[in-house]
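Q: The structure is given below, and queries will be raised subsequently.
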Amino acid sequence: MDVLGIIPARFASTRFPGKPLTDINGKTMIRRVYEQASASGLSEVIVATDDERIFAHVLDFGGKAVMTAEHHQSGTDRCFEAYKLHDNPYEYIINIQGDEPFIKPEQIDLVASCFNRPNTQLATLVKKITTEEELFNTNAPKVVLSNNGDALYFSRQAIPYCRNVPQDIWHKQHSYYKHIGIYGYRADILEQITQLPPSALELAESLEQLRWLENGYKITTALTEFETIGIDSPEDLEKVRGLFS
27 MDVLGIIPAR FASTRFPGKP LTDINGKTMI RRVYEQASAS GLSEVIVATD
77 DERIFAHVLD FGGKAVMTAE HHQSGTDRCF EAYKLHDNPY EYIINIQGDE
127 PFIKPEQIDL VASCFNRPNT QLATLVKKIT TEEELFNTNA PKVVLSNNGD
177 ALYFSRQAIP YCRNVPQDIW HKQHSYYKHI GIYGYRADIL EQITQLPPSA
227 LELAESLEQL RWLENGYKIT TALTEFETIG IDSPEDLEKV RGLFS
């Protein structure tokens, strides 16, 4: 299976400007993500950026990059432009978050493997929630799954509500799953979802994947045991620097 990996990388960020180029123990964040992605089974990895500094840096360390427009509202939109600019018509695309230097190559391969299932349109990862803190953290979206592993709904709230059960043991009474933010797209589906206007559910929860569900698309999930650590602020960066050698 030929699969293209795309890492969207913006320089501008309200909470952390220049985040892709920040140093983490001798390597930039974007380089660490690129090297992790390149260690997977992807056919090719490219960085999609709107900034000449990021573009030049990726080329300097031997990576591949493409310049994309500044106006994109999401990484999905940036991925589609990068895909359109690419010479090779890949059938599948994996969107790898540019602020997760801990992403495991095995996780990327797991998302790609979802397309071995018939009729998979979109794919992502979920991880079982094991603590009350994680379950009620509104910054960690949860996923409700069907019996065959398709996503039924994403929410920042804990869903379902466990009636007559104390909240501190909900996670012991029911299997809750956290969303891991890596996406796989069939190329034709990627084109279709980038044409959709923002949906009511998406605007309510501020989760773009709800736009796809609300418009009838199916999102296949795979279960990962690995945690991912996104870096959204300088404070997050300081917490993880000690984890690298």
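Mapping the sequence shown onto the working numbering, position 215 (from 1) lands on 241, and the numbers just tick up by one.
Note that CB positions come from ideal geometry on N, CA and C, so glycine has one too.
State the Cα-Cα distance for the pair Q62 and T150, rounded to the nearest angstrom.
A: The residue labelled residue 62 in the question sits at position 36 within the sequence shown. The residue labelled residue 150 in the question sits at position 124 within the sequence shown. Their Cα atoms are separated by approximately 18 Å.
Q: Taking the continuous beta strand (DSSP E) assigned at H205, which residues delimit it?
A: Walking along the sequence shown from the start, residue 205 turns up at place 179. Taken as a continuous stretch (DSSP letters only), the beta strand (DSSP E) holding H205 covers Y203 to R212.
Q: Assuming I208 and M55 are in contact, meaning their beta carbons sit under 8 Å apart, how far apart are those beta carbons, in whole angstroms?
A: Walking along the sequence shown from the start, residue 208 turns up at place 182. Walking along the sequence shown from the start, residue 55 turns up at place 29. Not quite, the Cβ-Cβ distance comes to about 16 Å (not below 8 Å), so this is no contact.
Q: Please determine if the stretch 232-244 and the stretch 167-179 are in contact, where contact requires at least 3 C-beta pairs separated by less than 8 Å.
A: As far as the Cβ criterion goes, the stretch 232-244 touches the stretch 167-179, which means the pair count is three or higher.
Q: Taking L239 as part of the alpha helix (DSSP H), name the residues at either end of that continuous run.
A: Counting from 1 along the sequence shown, the entry for residue 239 is found at position 213. L239 -> alpha helix (DSSP H) spans Q235 to E240.
Q: Could you give the DSSP three-state label for D262: helix, strand or coil?
A: For the purposes of this step, residue 262 is taken as the residue at position 236 of the sequence shown. Residue state, collapsed to three classes: helix.
Q: I'd like the list of long-range same chain contacts for V137, defined as Cβ closer than 8 Å, with 5 residues on each side in sequence excluded.
A: Along the sequence shown, read from residue 1 onward, the residue named residue 137 stands at position 111. So the list reads I120, A149, T150, L151, I208, Y209, G210 and A248, once near-sequence residues are dropped.
Q: Taking P115 as the reference, give the member of G31, Q221, R58 and E253 with the closest Cα.
A: Against the sequence shown, residue 115 aligns to sequence position 89. Out of G31, Q221, R58 and E253, G31 has the C-alpha closest to the C-alpha of P115.
Q: Report the CB separation of A108 from V92 in whole angstroms; it is logged as a contact under 8 Å.
A: Against the sequence shown, residue 108 aligns to sequence position 82. Against the sequence shown, residue 92 aligns to sequence position 66. Rounded, the Cβ-Cβ distance is 5 Å, consistent with contact.
Q: Leaving aside the five residues before and after A11 along the sequence, list all residues of the same chain whose C-beta is less than 6 Å from its C-beta, in chain order.
A: No answer is possible for residue 11: it lies beyond the span of the chain, which begins at 27 and ends at 271.
Q: In the DSSP assignment, find the unbroken beta strand (DSSP E) run with M93 in it and report its ends.
A: For the purposes of this step, residue 93 is taken as residue 67 along the sequence shown, with counting starting at 1. Start and end: A91 to M93.
Q: Please list, in chain order, all residues of the same chain as L161 whose beta carbon is under 7 Å from its beta carbon, the five residues on each side excluded.
A: Here residue 161 corresponds to residue number 135 of the sequence shown, with the count starting at 1. I155, A184, W196, H197 and Y202.
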